[in-house]
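A short worksheet on the structure shown next.
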RNA sequence: GGCUCGGUAGCUCAGCUGGAUAGAGCAUCAGCCUUCUAAGCUGAGGGUCAUUGGUUCGAAUCCAAUCCGAGUCACCA
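Numbering (my numbering), first residue to last: 26 to 619.
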């Protein structure tokens with residue numbers, strides 16, 4: 026149990042004993058003591074005044090006294106300032122914690138709890154390459170999956186590939202018309218980029234055709250519908266649905282180019298999936314559910330044959346679930362896939378990492394599932410994240426302001442190489458080690474930058490800031506780790522000393538480290554309940570900062586005494602382990618040297 | 001227009017289940033490398049927590065209204 030929980034429990038028991046009333050955690054607050062006061066944790070007394078009818082000072086006095094008398098293994102001293110009861114935690118408690126855990130690489134992680142969770146993320150379209158927004162999605166999804174694992178869940182990482190539809194046909198048409206049989210190989214281009222080029226080409230041609238038609242006197246709406254290339258694309262979609270062989274062949278060929286490209290990107294950023302769903306396989310799912318929903322009167326049919334659900338009682342609108350021509354809409358397959366996932370894996374929770382532009386859609390989806398009394402309806406969780414914007418405003422593919430994923434990653438790696446070379450600390454590194462290091466630093470910077478912000482918030486991507494190596498960055502944390510490992514290599518020759526040789530009083534900076542380390546398990550838990558990796562990023566940054574102050578102020582190798590040296594080495598190793606563990610929860614590796 | 005989300009230092013962000021003088025990083029300025037990695041450390045300046053009212057012993061945090069910004073409300077996906 027964490028010291029905070031121990032404190033809460035002890036305080037509740039003490040209050041009950043003192044005042045013969047029952048109390049709960051909500052009756053008072055526990056905070057970490059501010060640095061300017063004596064003590065480690067603080068109980069706030071004000072909220073107890075009303076029911077106990079004593080002054081906050083009096084309550085604090087009595088409670089403090091009772092705590093150090095009856096829980097002396099945890100608390101050794103107290104002081105009261107106004108209504109704040111500051112408690113000092115026993116050094117023996119910290120020592121014990123340190124000795125038990127400093128070597129453990131799994132510190133803070135929980136045992137398997139028997140529950141299965143699915144995290145769906147990435148979910149790209151196969152008509153263009155991945156961009157910065159996808160990166161936020163992928164890093165988030167991957168990290169949340171790791172955080173869930175650390176909390177004892179079995180996690181299935183999944184991906185739904187949007188591999189069919191009118192947007193896919195657009196790049197197919199353009200390739201057919203304008204590529205002269207070119208392939209990624211012949212063009213020397215990465216498959217997804219290659220296909221993306223034809224998607225852009227489609228839009229160029231389409232715009233021209235629309236403009237010509239407008240010039241010829243058509244209205245804009247008419248022109249957009251009648252542009253020949255658009256008509257051909259629509260025909261191609263019909264042909265695809267009919268399974269026309271040459272269309273299917275082309276579709277497969279081009280999608281495979283894209284998959285090859287995606288795989289390269291996924292591999293370079295460390296993304297992986299346990300299960301990939303393809304829209305071309307799932308888009309018909311859900312149709313029978315619609316039929317059953319009709320029978321249950323959850324849905325109703327309009328005169329033209331289209332099928333709807335009325336959500337106006339829930340404050341939403343009516344929503345179509347099947348077109349008048351009998352084909353399904355986007356949400357239909359989502360209903361089907363949601364049920365399919367549940368039946369296939371019997372998952373406890375189904376997490377969808379999807380941008381907040383789809384908040385409404387996801388709300389409707391879950392509501393429909395609930396109305397259909399689907400067993401998993403309550404366990405769907407939309408991990409909604411904010412858009413990534415540029416300092417110049419939003420990314421717009423039409424205006425060419427989209428930051429390409431591969432480009433930005435390569436740039437990060439190149440910049441980390443340049444910066445590392447300038448610092449000149451890696452002269453004795455082997456070629457392989459250097460390549461690995463640049464990747465570690467560049468990708469680490471990128472991931473940390475995107476994960477350090479609360480997922481639900483829109484974030485601004487500032488290129489200069491993202492490639493920074495100072496302050497609140499991945500490299501700062503990596504550097505701290507490398508520094509610790511360097512000293513450990515030099516100083517730890519034998520096993521560290523047994524417990525009884527430990528000194529009794531921690532210095533302020535030593536204490537700060539052990540307090541921060543003690544909080545790690547609670548942080549992992551918090552990140553999990555909030556589905557929020559930024560909790561980890563903030564934590565590990567603070568831990569690193571604390572360590573760096575400690576490192577600058579106190580000598581480890583030349584400590585005042587051998588026992589102090591042992592203590593500091595343990596604190597260092599403990600910190601290193603936690604850094605490595607935290608960073609791994611964000612998919613960031615840490616270098617032994619840098 | 002309806003619904004949802006947001007507004008904290010010049011910039012990027014923490015803090016939001018109410019608690020002590022609102023915190024980091026970047027940027028600016030001043031210091032610290034003959035001793036464990038200076039990708040570091042120490043210090044300084046910088047705030048009407050959008051505005052107004054309310055609840056409370058106590059409000060950046062809760063409630064209401066207003067202003068500003070974003071998203072969304074398709075027989076698109």
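We treat Cβ as the ideally placed atom computed from N, Cα and C, and that holds for glycine.
All values derive from a computational prediction rather than experimental measurement.
Per DSSP, the beta-bridge partners of residue 143 are 181, 375.
Inter-residue distance for residue 272 and residue 265 is about 6 Å (C-alpha atoms, whole angstroms). DSSP, read as helix, strand or coil, puts residue 417 in coil. For residue 303, the pairing in a beta bridge is given by DSSP as 186. For residue 112, the enclosing beta strand (DSSP E) begins and ends at 109-114. Our two residues, residue 57 and residue 34, have alpha carbons roughly 16 Å apart in a direct line. In the DSSP assignment, residue 99 forms no beta bridge with any residue. In the DSSP annotation of this structure, the continuous segment of the beta strand (DSSP E) that includes residue 56 starts and ends at 54-57.
With 16 or more other CB atoms across the displayed protein chains lying within 10 angstroms of its CB, residue 499 is buried.
Per DSSP, the unbroken beta strand (DSSP E) holding residue 486 starts and ends at 484-486. If only complete runs of 4 or more residues are kept, the region 225-280 shows the alpha helix (DSSP H) at 245-251, 253-267, in order along the chain. In summary, residue 566 is buried, with 16 or more beta-carbon neighbours lying within 10 Å of its beta-carbon over all protein chains present.
Residue burial annotation: residue 98 is exposed, with fewer than 16 other C-beta atoms found within 10 angstroms of its C-beta. Leaving aside the five residues that flank residue 152 on each side, the residues in its chain whose CB is nearer than 8 Å to its CB run, in chain order, 192, 193, 195, 196, 220, 221, 224, 283. Going by DSSP, residue 450 is part of no alpha helix (DSSP H) at all; its letter is neither H nor E. Counting along the chain, residue 169 sits inside the alpha helix (DSSP H) bounded by residues 157-175. For the region 548-584, the full-length alpha helix (DSSP H) segments reaching 4 residues or more read 559-578 along the chain. In the three-state reduction of the DSSP assignment, residue 441 falls in the helix class, which pools H, G and I. Distance from the CA of residue 418 to the CA of residue 156, rounded to the nearest whole angstrom, comes to 16 Å. Ranked by Cα distance from residue 328, the options 341, 347, 337 are led by 347.
In the three-state reduction of the DSSP assignment, residue 292 falls in the helix class, which pools H, G and I.
Apart from sequence neighbours up to five positions away, the residues of its chain that approach residue 74 with a beta-carbon distance below 8 Å are 80, 81, 84, 108, ordered along the chain.
Judged by DSSP in its simplified three-state form, residue 408 adopts strand.
By the neighbour-count definition (other C-beta atoms within 10 Å, threshold 16), residue 556 is a buried residue. At the C-beta level, residue 218 and residue 430 stay beyond 7 Å of one another.
Assigned with DSSP and collapsed to three states, residue 73 falls in helix. Excluding sequence positions up to five before and after residue 333, its CB lies within less than 7 Å of the CB of 324, 325, 327, 343, 344, 345, 346, all in the same chain and listed in chain order. Counting every other CB atom within 10 Å of its CB across the protein chains shown gives residue 62 a total below 16, marking it as exposed. Contact annotation: the region 488-507 does not touch the region 160-180, with fewer than three C-beta pairs closer than 8 Å. When beta bridges are read from the DSSP output, residue 213 appears opposite no residue. Boundaries of the beta strand (DSSP E) harbouring residue 346: 343-347, taken from the DSSP string. About 4 Å separates the Cβ atoms of residue 140 and residue 373, confirming a contact at the 8 Å cut-off. Boundaries of the beta strand (DSSP E) around residue 335: 332-335. Under the 8 Å Cβ criterion, the region 316-323 does not count as touching the region 493-513, having fewer than three qualifying pairs.
Non-local beta-carbon contacts of residue 67 in its own chain, meaning distances under 6 Å to residues more than five positions away in sequence, involve 56, 58, 109, 111 in chain order. In the same chain as residue 607, and ignoring 5 residues on each side of it, the C-beta atoms closer than 7 Å to its own belong to 561, 564, 565, in chain order.
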